[in-house]
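Colleague: For the sequence shown, position 206 (counting from the first letter as 1) is numbered 213 according to our numbering, and the numbering increases by one without interruption.
Where a beta carbon is used, it is the ideal one built from N, C-alpha and C, also for glycine.
One structure, pasted below without further comment.
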Amino acid sequence: MALDKVRSSAAEAVADVPRGASLAVGGFGLCGIPMVLIDALLERGVDELSVVSNNCGVDDWGLGVLLAAGRIRKMTSSYVGENREFARQYLSGELELELTPQGTLAEKLRAGGSGIAAFFTQTGVGTQVADGGLPQRYAADGSVALASPPKPVQTFRVAGREREFVLEEAITTDFALVHALRGDRHGNLVFDKSARNFSPLAAMAGRVCIAQVEHLVEPGELDPDAVHLPGVFVDRIVVVGPGVEKRIERRTVREEA
(Lines of atoms letter the chains of each structure in order from A and count residues from 1; the text may use other names and numbers.)
(Lines give C-alpha, C1' and ligand atoms only; values in the text may rest on other atoms or scores of the structure.)
Protein backbone atom coordinates (compact mmCIF):
# COMPACT_ATOMS: atom_id res chain seq x y z
CA MET A 1 0.00 0.00 0.00
CA ALA A 2 1.50 3.33 -1.07
CA LEU A 3 2.19 5.79 1.74
CA ASP A 4 1.18 8.80 -0.36
CA LYS A 5 -2.35 7.91 -1.46
CA VAL A 6 -3.23 11.10 -3.34
CA ARG A 7 -4.38 10.68 -6.96
CA SER A 8 -4.31 13.42 -9.56
CA SER A 9 -7.99 13.13 -10.50
CA ALA A 10 -11.23 11.35 -9.74
CA ALA A 11 -11.02 9.69 -13.15
CA GLU A 12 -7.67 8.15 -12.21
CA ALA A 13 -8.97 7.05 -8.82
CA VAL A 14 -11.91 5.08 -10.26
CA ALA A 15 -10.16 3.89 -13.43
CA ASP A 16 -10.07 0.23 -12.35
CA VAL A 17 -13.69 -0.06 -11.15
CA PRO A 18 -14.99 -2.78 -13.48
CA ARG A 19 -18.40 -3.63 -14.84
CA GLY A 20 -20.39 -5.51 -12.23
CA ALA A 21 -18.39 -4.21 -9.26
CA SER A 22 -19.90 -3.89 -5.79
CA LEU A 23 -19.68 -0.48 -4.11
CA ALA A 24 -20.27 0.78 -0.57
CA VAL A 25 -21.08 4.50 -0.80
CA GLY A 26 -21.18 6.93 2.11
CA GLY A 27 -23.86 9.55 2.60
CA PHE A 28 -27.26 10.01 4.16
CA GLY A 29 -29.91 11.71 2.07
CA LEU A 30 -27.74 14.23 0.24
CA CYS A 31 -25.37 14.80 3.18
CA GLY A 32 -21.79 13.58 2.76
CA ILE A 33 -22.24 12.40 -0.83
CA PRO A 34 -19.00 11.65 -2.77
CA MET A 35 -20.44 13.36 -5.85
CA VAL A 36 -17.17 13.96 -7.68
CA LEU A 37 -16.36 10.25 -7.55
CA ILE A 38 -19.90 9.33 -8.60
CA ASP A 39 -19.64 11.67 -11.59
CA ALA A 40 -16.32 10.08 -12.53
CA LEU A 41 -17.95 6.64 -12.51
CA LEU A 42 -20.81 7.99 -14.62
CA GLU A 43 -18.34 9.43 -17.14
CA ARG A 44 -16.43 6.15 -17.26
CA GLY A 45 -19.56 4.24 -18.26
CA VAL A 46 -19.33 1.19 -15.99
CA ASP A 47 -22.64 -0.59 -15.42
CA GLU A 48 -24.22 -3.61 -13.71
CA LEU A 49 -23.11 -2.11 -10.39
CA SER A 50 -24.27 -3.51 -7.06
CA VAL A 51 -24.42 -0.61 -4.60
CA VAL A 52 -24.74 -0.56 -0.82
CA SER A 53 -25.79 2.81 0.57
CA ASN A 54 -28.38 4.17 2.96
CA ASN A 55 -30.36 5.59 0.02
CA CYS A 56 -30.00 6.25 -3.70
CA GLY A 57 -29.87 10.03 -3.81
CA VAL A 58 -32.54 11.91 -5.75
CA ASP A 59 -33.41 11.89 -9.44
CA ASP A 60 -30.63 14.29 -10.48
CA TRP A 61 -28.08 14.06 -7.68
CA GLY A 62 -26.05 11.52 -5.76
CA LEU A 63 -26.39 7.89 -6.75
CA GLY A 64 -29.55 8.91 -8.60
CA VAL A 65 -27.46 9.98 -11.60
CA LEU A 66 -26.02 6.46 -11.94
CA LEU A 67 -29.48 4.98 -11.50
CA ALA A 68 -31.00 7.26 -14.16
CA ALA A 69 -28.28 6.21 -16.59
CA GLY A 70 -29.10 2.52 -16.04
CA ARG A 71 -25.77 1.74 -14.38
CA ILE A 72 -27.06 0.14 -11.16
CA ARG A 73 -28.26 -3.47 -11.14
CA LYS A 74 -28.92 -3.85 -7.41
CA MET A 75 -29.31 -1.55 -4.41
CA THR A 76 -28.93 -2.57 -0.77
CA SER A 77 -30.54 0.30 1.16
CA SER A 78 -32.60 1.23 4.17
CA TYR A 79 -34.52 4.15 2.65
CA VAL A 80 -35.75 4.39 -0.93
CA GLY A 81 -37.95 7.49 -0.97
CA GLU A 82 -37.29 10.85 -2.66
CA ASN A 83 -36.44 9.22 -6.00
CA ARG A 84 -39.20 8.64 -8.56
CA GLU A 85 -36.90 6.86 -11.00
CA PHE A 86 -35.92 4.43 -8.26
CA ALA A 87 -39.56 3.53 -7.67
CA ARG A 88 -40.19 3.15 -11.40
CA GLN A 89 -37.21 0.85 -11.99
CA TYR A 90 -37.94 -1.25 -8.90
CA LEU A 91 -41.65 -1.74 -9.64
CA SER A 92 -40.98 -2.48 -13.32
CA GLY A 93 -38.41 -5.18 -12.54
CA GLU A 94 -35.38 -3.25 -13.82
CA LEU A 95 -33.77 -2.88 -10.40
CA GLU A 96 -33.16 -5.38 -7.61
CA LEU A 97 -33.56 -4.10 -4.05
CA GLU A 98 -32.42 -5.59 -0.77
CA LEU A 99 -34.26 -3.48 1.80
CA THR A 100 -32.46 -3.51 5.16
CA PRO A 101 -33.25 -1.82 8.50
CA GLN A 102 -31.04 1.24 8.89
CA GLY A 103 -29.20 0.21 12.05
CA THR A 104 -28.74 -3.30 10.70
CA LEU A 105 -27.26 -1.91 7.47
CA ALA A 106 -24.79 0.17 9.46
CA GLU A 107 -23.76 -2.81 11.56
CA LYS A 108 -23.46 -5.10 8.50
CA LEU A 109 -20.95 -2.64 7.01
CA ARG A 110 -19.07 -2.23 10.30
CA ALA A 111 -18.92 -5.98 10.79
CA GLY A 112 -17.62 -6.52 7.27
CA GLY A 113 -14.87 -3.99 7.83
CA SER A 114 -13.98 -5.58 11.18
CA GLY A 115 -13.68 -9.12 9.86
CA ILE A 116 -16.88 -10.33 11.54
CA ALA A 117 -18.81 -12.72 9.32
CA ALA A 118 -22.27 -12.30 10.88
CA PHE A 119 -24.10 -11.18 14.02
CA PHE A 120 -27.40 -11.64 15.81
CA THR A 121 -29.88 -8.78 16.28
CA GLN A 122 -33.46 -8.43 17.51
CA THR A 123 -34.27 -5.99 14.71
CA GLY A 124 -36.60 -7.61 12.20
CA VAL A 125 -37.64 -10.60 14.30
CA GLY A 126 -41.27 -11.51 13.56
CA THR A 127 -41.28 -9.59 10.27
CA GLN A 128 -40.45 -10.38 6.65
CA VAL A 129 -36.91 -9.20 7.36
CA ALA A 130 -36.43 -12.45 9.26
CA ASP A 131 -39.20 -14.61 7.81
CA GLY A 132 -38.45 -13.82 4.17
CA GLY A 133 -40.81 -12.81 1.42
CA LEU A 134 -39.77 -9.20 0.86
CA PRO A 135 -39.91 -8.48 -2.90
CA GLN A 136 -36.34 -7.99 -4.13
CA ARG A 137 -37.18 -7.96 -7.81
CA TYR A 138 -40.48 -7.73 -9.66
CA ALA A 139 -41.36 -9.25 -13.00
CA ALA A 140 -42.66 -7.08 -15.83
CA ASP A 141 -46.23 -8.20 -15.08
CA GLY A 142 -45.98 -7.01 -11.46
CA SER A 143 -45.54 -10.41 -9.88
CA VAL A 144 -42.63 -11.08 -7.51
CA ALA A 145 -39.74 -12.59 -9.46
CA LEU A 146 -37.35 -12.78 -6.50
CA ALA A 147 -38.18 -12.64 -2.80
CA SER A 148 -35.88 -12.42 0.19
CA PRO A 149 -35.07 -15.78 1.79
CA PRO A 150 -35.77 -16.58 5.46
CA LYS A 151 -32.91 -16.00 7.87
CA PRO A 152 -31.84 -18.14 10.83
CA VAL A 153 -33.49 -17.14 14.11
CA GLN A 154 -32.10 -18.26 17.45
CA THR A 155 -33.16 -17.79 21.06
CA PHE A 156 -30.75 -16.30 23.60
CA ARG A 157 -31.23 -15.44 27.25
CA VAL A 158 -30.57 -11.71 27.67
CA ALA A 159 -31.12 -9.73 30.89
CA GLY A 160 -32.97 -12.68 32.39
CA ARG A 161 -35.36 -13.09 29.45
CA GLU A 162 -35.53 -15.50 26.53
CA ARG A 163 -35.47 -13.47 23.32
CA GLU A 164 -35.30 -14.27 19.64
CA PHE A 165 -32.54 -12.88 17.45
CA VAL A 166 -32.11 -13.00 13.67
CA LEU A 167 -28.74 -13.76 12.06
CA GLU A 168 -27.51 -11.03 9.71
CA GLU A 169 -24.50 -11.52 7.45
CA ALA A 170 -21.82 -8.84 7.20
CA ILE A 171 -21.28 -6.80 4.03
CA THR A 172 -18.01 -6.33 2.17
CA THR A 173 -17.68 -4.75 -1.26
CA ASP A 174 -15.09 -4.42 -4.00
CA PHE A 175 -14.82 -0.63 -3.62
CA ALA A 176 -15.97 2.11 -1.26
CA LEU A 177 -16.58 5.78 -2.12
CA VAL A 178 -16.71 8.43 0.62
CA HIS A 179 -16.52 12.21 1.12
CA ALA A 180 -14.49 13.76 3.95
CA LEU A 181 -13.77 17.29 5.14
CA ARG A 182 -10.06 16.72 5.70
CA GLY A 183 -7.54 14.04 4.94
CA ASP A 184 -3.79 13.64 4.99
CA ARG A 185 -1.61 11.91 2.42
CA HIS A 186 -1.63 8.73 4.48
CA GLY A 187 -5.43 8.48 4.23
CA ASN A 188 -6.45 9.53 7.74
CA LEU A 189 -9.86 11.21 7.43
CA VAL A 190 -11.98 13.70 9.36
CA PHE A 191 -15.67 14.05 8.49
CA ASP A 192 -17.79 17.15 9.06
CA LYS A 193 -20.54 16.77 11.68
CA SER A 194 -23.52 14.82 10.30
CA ALA A 195 -21.66 14.20 7.02
CA ARG A 196 -19.87 11.52 9.01
CA ASN A 197 -23.08 9.35 8.89
CA PHE A 198 -22.43 6.05 7.05
CA SER A 199 -19.08 7.10 5.58
CA PRO A 200 -16.61 5.47 8.03
CA LEU A 201 -18.61 2.23 7.92
CA ALA A 202 -18.79 2.20 4.11
CA ALA A 203 -15.06 2.92 3.92
CA MET A 204 -14.27 0.00 6.22
CA ALA A 205 -16.37 -2.42 4.17
CA GLY A 206 -14.69 -1.70 0.82
CA ARG A 207 -11.64 -3.72 -0.16
CA VAL A 208 -10.44 -0.59 -1.98
CA CYS A 209 -11.56 2.69 -0.42
CA ILE A 210 -11.49 5.90 -2.46
CA ALA A 211 -12.05 9.15 -0.57
CA GLN A 212 -12.67 12.63 -1.92
CA VAL A 213 -11.54 15.32 0.53
CA GLU A 214 -12.12 19.05 0.68
CA HIS A 215 -8.84 19.87 2.42
CA LEU A 216 -5.57 17.93 2.09
CA VAL A 217 -3.05 18.30 4.92
CA GLU A 218 0.37 16.83 5.49
CA PRO A 219 0.94 13.80 7.74
CA GLY A 220 1.12 14.87 11.37
CA GLU A 221 -1.13 17.91 10.97
CA LEU A 222 -4.28 16.07 12.07
CA ASP A 223 -4.76 15.63 15.80
CA PRO A 224 -4.81 11.83 16.25
CA ASP A 225 -7.78 12.19 18.62
CA ALA A 226 -9.72 14.00 15.88
CA VAL A 227 -9.29 11.29 13.23
CA HIS A 228 -12.60 9.56 12.48
CA LEU A 229 -11.20 6.96 10.09
CA PRO A 230 -7.60 5.69 10.22
CA GLY A 231 -5.65 5.67 6.98
CA VAL A 232 -5.30 1.88 7.08
CA PHE A 233 -8.84 1.72 5.66
CA VAL A 234 -8.18 4.22 2.83
CA ASP A 235 -6.37 3.42 -0.41
CA ARG A 236 -6.81 6.52 -2.61
CA ILE A 237 -7.50 10.20 -2.03
CA VAL A 238 -8.80 12.81 -4.46
CA VAL A 239 -8.73 16.49 -3.50
CA VAL A 240 -11.95 18.23 -4.55
CA GLY A 241 -11.54 21.54 -2.68
CA PRO A 242 -13.85 23.38 -0.26
CA GLY A 243 -15.96 24.78 -3.12
CA VAL A 244 -17.32 21.40 -4.16
CA GLU A 245 -21.07 21.57 -4.74
CA LYS A 246 -23.31 20.39 -1.90
CA ARG A 247 -27.08 20.21 -2.01
CA ILE A 248 -29.81 20.29 0.59
CA GLU A 249 -32.44 17.62 0.15
CA ARG A 250 -35.30 19.71 1.47
CA ARG A 251 -35.11 23.27 2.73
CA THR A 252 -37.67 24.39 5.31
CA VAL A 253 -37.80 27.96 6.49
CA ARG A 254 -39.94 29.85 8.99
CA GLU A 255 -41.79 33.01 8.09
CA GLU A 256 -40.28 36.10 9.67
CA ALA A 257 -42.24 37.17 12.73
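Name the residue from Gly-140, Asp-67 and Ser-85 whose alpha carbon lies nearest to the alpha carbon of Ser-155.
Modeller: Looking up residue 155 in the sequence shown gives position 148. Cα-wise, what sits closest to Ser-155 is Gly-140.
Colleague: Determine the closest residue to Asn-62 out of Val-53, Ala-94 and Asp-46, with distance taken between C-alpha atoms.
Modeller: Numbered from its first residue, the sequence shown carries residue 62 at position 55. Among Val-53, Ala-94 and Asp-46, the Cα nearest to that of Asn-62 belongs to Ala-94.
Colleague: Can you name, in chain order, every residue of its own chain whose Cβ lies under 8 Å from the Cβ of Ala-233, other than the five neighbours on each side?
Modeller: Against the sequence shown, residue 233 aligns to sequence position 226. Cβ within range, chain order: Val-197.
Colleague: Taking Arg-80 as part of the beta strand (DSSP E), name the residues at either end of that continuous run.
Modeller: The count along the sequence shown starts at 1 and reaches residue 80 at position 73. First-last of the beta strand (DSSP E) with Arg-80: 79 to 84.
Colleague: Would you call the stretch 72 to 85 and the stretch 96 to 113 touching, i.e. three or more CB-CB distances under 8 Å?
Modeller: Contact between the stretch 72 to 85 and the stretch 96 to 113 is present, because at least three Cβ pairs lie under 8 Å.
Colleague: Pull up the distance between the alpha-carbon of Ala-76 and that of Asn-90, whole angstroms please.
Modeller: Counted from its first residue, the sequence shown places residue 76 at position 69. Counted from its first residue, the sequence shown places residue 90 at position 83. If you take the alpha carbons of Ala-76 and Asn-90, they lie about 14 Å apart.
Colleague: Skipping 5 residues on each side, what residues in its chain have a beta carbon closer than 8 Å to that of Gly-71?
Modeller: If you number the sequence shown from 1, residue 71 lands on position 64. Hits under 8 Å: Cys-63, Gly-64, Val-65, Asn-90, Glu-92 and Phe-93.
Colleague: For Leu-98, list the residues DSSP reports as bridge partners.
Modeller: As a first step, residue 98 is located in the sequence shown; it is residue number 91 there, counting from the start. Answer is none; Leu-98 lacks a bridge partner.
Colleague: Taking the alpha helix (DSSP H) that Ala-125 belongs to, which residues open and close that run?
Modeller: Start at 1 with the first residue of the sequence shown, and residue 125 comes out as number 118. No alpha helix (DSSP H) contains Ala-125, which is instead part of the beta strand (DSSP E) from 125 to 128.
Colleague: Ala-137 and Val-151 look like a contact to me (Cβ under 8 Å); what is the Cβ gap, rounded to whole Å?
Modeller: For the purposes of this step, residue 137 is taken as residue 130 along the sequence shown, with counting starting at 1. For the purposes of this step, residue 151 is taken as residue 144 along the sequence shown, with counting starting at 1. The pair is not a contact, with the Cβ atoms about 18 Å apart (cut-off 8 Å).
Colleague: In or out: Gly-227 buried (at least 16 other Cβ within 10 Å) or exposed?
Modeller: Translated into the one-based positions of the sequence shown, residue 227 becomes position 220. Gly-227 should be labelled exposed.
Colleague: How far does the alpha helix (DSSP H) with Leu-74 in it reach, from first residue to last?
Modeller: Taking the sequence shown and counting its residues from 1, the one referred to as residue 74 is at position 67. It spans 71 to 75 - the alpha helix (DSSP H) in which Leu-74 sits, taken as one unbroken run.
Colleague: Among Ala-31, Ser-15 and Val-24, which residue has its Cα nearest to the Cα of His-186?
Modeller: If you number the sequence shown from 1, residue 186 lands on position 179. It is Ala-31 whose Cα lies nearest to the Cα of His-186.
Colleague: Beta-carbon separation of Leu-10 and His-193 under 8 Å?
Modeller: By one-based count along the sequence shown, residue 10 stands at place 3. By one-based count along the sequence shown, residue 193 stands at place 186. For Leu-10 and His-193, yes; Cβs fall inside 8 Å.
Colleague: Give me the Cα-Cα distance between Leu-236 and Gly-120, rounded to the nearest whole angstrom.
Modeller: Stepping through the sequence shown from its first residue, residue 236 is reached at position 229. Stepping through the sequence shown from its first residue, residue 120 is reached at position 113. So the alpha carbons of these two residues sit roughly 12 Å apart.
Colleague: Can you list, in chain order, the residues of its chain whose CB lies under 6 Å from that of Ala-202, leaving out five sequence neighbours each side?
Modeller: By one-based count along the sequence shown, residue 202 stands at place 195. Contacts found: Cys-38 and Gly-39.
Colleague: Starting from Leu-44, trace the beta strand (DSSP E) in both directions and tell me its first and last residue.
Modeller: As a first step, residue 44 is located in the sequence shown; it is residue number 37 there, counting from the start. Note, Leu-44: premise wrong, no beta strand (DSSP E); alpha helix (DSSP H) at 42 to 51.
Colleague: Looking at Val-59 and Thr-162, is the spacing between their C-beta atoms short of 8 Å?
Modeller: Stepping through the sequence shown from its first residue, residue 162 is reached at position 155. Stepping through the sequence shown from its first residue, residue 59 is reached at position 52. Not a contact, by the Cβ cut-off of 8 Å.
Colleague: Among the residues of its own chain, which have a CB less than 6 Å from the CB of Glu-171, if the five just before and after it don't count?
Modeller: To locate residue 171, count along the sequence shown from 1; it is residue 164. So the qualifying residues of the chain are Val-132, Val-160 and Thr-162.
Colleague: Name the two residues that bound the continuous alpha helix (DSSP H) containing Asp-138.
Modeller: By 1-based counting over the sequence shown, the position of residue 138 is 131. Unbroken alpha helix (DSSP H) run through Asp-138: 135 to 138.
Colleague: Around the C-beta of Leu-229, are 16 or more other C-beta atoms found within 10 angstroms, so that it is buried, or is it exposed?
Modeller: Start at 1 with the first residue of the sequence shown, and residue 229 comes out as number 222. Its Cβ being crowded by 16 or more others within 10 Å, Leu-229 is buried.
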